[in-house]
Amino acid sequence: MSIVTTPDRAPVRAWLPTMMALAAIWGCSFLFISVGVRELHPLYLALGRVICGSVALLVILAIKRESLPREPRIWAHTFVLGAIGSAIPWTLFGYGEQRVPSLLAGIWNGITPLVVLPVAVLVFRTEKFTVQRVLGLLVGFAGMMVVLGAWNLEGGADLVGQVLCMTAAVFYGIAVPYQKRFVAGSKLSGTALSASLLLCATIQLAVVAPIVTGGLPPAPWSLSPEVIGSVVALGALGSGIAFVLSLRNIRLIGASMSSMVTYLMPIFAIIVGVLVLDEHLTWYQPVGALVVLCGVAVSQGVLRAGAIKRKARVEPSAAPVP
Numbered sequence: 001m002s003i004v005t006t007p008d009r010a011p012v013r014a015w016l017p018t019m020m021a022l023a024a025i026w027g028c029s030f031l032f033i034s035v036g037v038r039e040l041h042p043l044y045l046a047l048g049r050v051i052c053g054s055v056a057l058l059v060i061l062a063i064k065r066e067s068l069p070r071e072p073r074i075w076a077h078t079f080v081l082g083a084i085g086s087a088i089p090w091t092l093f094g095y096g097e098q099r100v101p102s103l104l105a106g107i108w109n110g111i112t113p114l115v116v117l118p119v120a121v122l123v124f125r126t127e128k129f130t131v132q133r134v135l136g137l138l139v140g141f142a143g144m145m146v147v148l149g150a151w152n153l154e155g156g157a158d159l160v161g162q163v164l165c166m167t168a169a170v171f172y173g174i175a176v177p178y179q180k181r182f183v184a185g186s187k188l189s190g191t192a193l194s195a196s197l198l199l200c201a202t203i204q205l206a207v208v209a210p211i212v213t214g215g216l217p218p219a220p221w222s223l224s225p226e227v228i229g230s231v232v233a234l235g236a237l238g239s240g241i242a243f244v245l246s247l248r249n250i251r252l253i254g255a256s257m258s259s260m261v262t263y264l265m266p267i268f269a270i271i272v273g274v275l276v277l278d279e280h281l282t283w284y285q286p287v288g289a290l291v292v293l294c295g296v297a298v299s300q301g302v303l304r305a306g307a308i309k310r311k312a313r314v315e316p317s318a319a320p321v322p
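Using UniProt numbering, the letters of the sequence shown correspond one by one to residues 1 to 322.
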């Protein structure tokens, strides 16, 4: 995450195709998770993802002739971020998608900005509440209850799966302000910081996964091509190339505008879930998703009661890597 001022009117053709590509890559991540957990334990799926992502970013660092962080303080914070921003949420999404459709996991990922704000205000003191932001949070919370179908909860796998995906998004929401508070001021490139984060997550999952699962992962040659491709896509695309594309957009249009990819990701998650996996939604889930996104838009100042303020703003990007 970076703190970047919005540049002067970059042409739409320069950034819109990149934003659509990012939304597609990150939106399709939930499809790849759903395919991956068919043959891999969620912990080993997350481990394969961070390994592939680490390799991709290390290659990019080598091409750019940049080095990894050398300060112990930075490594300490990236170790925390590796857990709360990658290892834990990616594992939780894996567990969740054993119980619910991938498109529903994509919808839950959209609540992340709603979590970022109260954590940033109450825990890290990097933001302040306003009437508009509180209103956005209330609208978003109402949308979450609609997605859950709170009037008709009977427990079971569906409820457990939704709670797991919601908890994963909460961890994303904690990671964003943590990164702003402790890491964003570093002079290191985002690529170097992300590579160190994924390396830390790799170490964490490599230690925890065998203990929790009670065994080693299956041999790569025993997995189907679909699962292997999903792991590589999650890591190399979703955690490697997509990050480079995201940085490009942040430089072109600023972090605040770049975070609008958050609104597009659930759309792609729903489309590929329906077309590729033949998944189905109940009527209230997309309706709730729209209410959540409206709450996000209100809390971030995209929807305003009155004229839109035309001035550059300085904000952190609120679009996590799913």
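Beta carbons: idealized from backbone N, C-alpha and C, even for Gly.
Terminal residues of the alpha helix (DSSP H) in which residue 83 lies = Note, residue 83: premise wrong, no alpha helix (DSSP H); not H, not E.
Every unbroken alpha helix (DSSP H) within the UniProt domain "EamA" (161–298), with a cutoff of 4 residues, ordered by chain = As for any alpha helix (DSSP H) of minimum length 4 sitting wholly inside the UniProt domain "EamA" (161–298), the runs are 190–213, 225–232, 242–258 and 261–277, ordered along the chain.
Reduced DSSP secondary structure (H/G/I, E/B, other) of residue 301 | Residue 301 falls in the coil class under three-state DSSP.
Can you name, in chain order, every residue of its own chain whose Cβ lies under 6 Å from the Cβ of residue 218, other than the five neighbours on each side?
-> Taking C-beta separations shorter than 6 Å and ignoring five residues to either side along the sequence, residue 218 has no partners in its chain.
Around the Cβ of residue 168, are there at least 16 other Cβ atoms within 10 angstroms (buried) or fewer (exposed)?
-> When all chains shown are included, residue 168 counts as buried.
Looking at the structure shown, is residue 19 part of a helix, part of a strand, or coil, going by DSSP?
-> It is helical.
Can you check whether the CB of residue 165 is closer than 8 Å to the CB of residue 105?
-> Yes.
Could you tell me the distance, in whole angstroms, from the CA atom of residue 209 to the CA atom of residue 21?
-> Taking the straight line from one Cα to the other gives about 32 Å.
For residue 308, is the classification buried or exposed, using 16 other Cβ atoms within 10 angstroms of its Cβ as the cut-off for buried?
-> Bear in mind that the predicted position of residue 308 carries a pLDDT of just 41, short of 50, making it too unreliable to give a figure here.
Cβ-based burial, residue 16 [other Cβ within 10 Å; buried from 16] | The residue in question, residue 16, is exposed, as its Cβ has fewer than 16 Cβ neighbours within 10 Å.
Please state if the CB of residue 113 and the CB of residue 299 are separated by a distance shorter than 8 Å.
-> Their beta carbons are under 8 Å apart, which means residue 299 touches residue 113 by this criterion.
Would the region 84–103 and the region 29–43 be scored as touching if the rule is three or more Cβ pairs under 8 Å?
-> Verdict: yes, contact present.
Taking all protein chains shown into account, do 16 or more other C-beta atoms lie within 10 angstroms of the C-beta of residue 69, making it buried, or fewer, making it exposed?
-> Flag for residue 69 reads buried.
Compare the Cα-Cα distances from residue 29 to each of 289, 290 and 240 and report the closest residue.
-> Of 289, 290 and 240, the residue nearest in Cα terms is 240.
What residues in its chain sit with their C-beta under 7 Å from that of residue 206, if we drop five residues either side in the sequence?
-> Around residue 206: 47.
When burial is assigned at 16 or more other CB atoms within 10 Å of the CB, is residue 26 buried or exposed?
-> Burial call: buried.
CB of residue 48 to nearest heavy atom of the ligand SAM: below 7 Å?
-> Inclusion of the ligand SAM in the displayed structure is not the case, the ligand content being empty and no account of it being possible.
Among 277, 282, 265 and 272, which one has its Cα closest to the Cα of residue 111?
-> Of the listed residues, the one whose Cα sits closest to residue 111 is 265.
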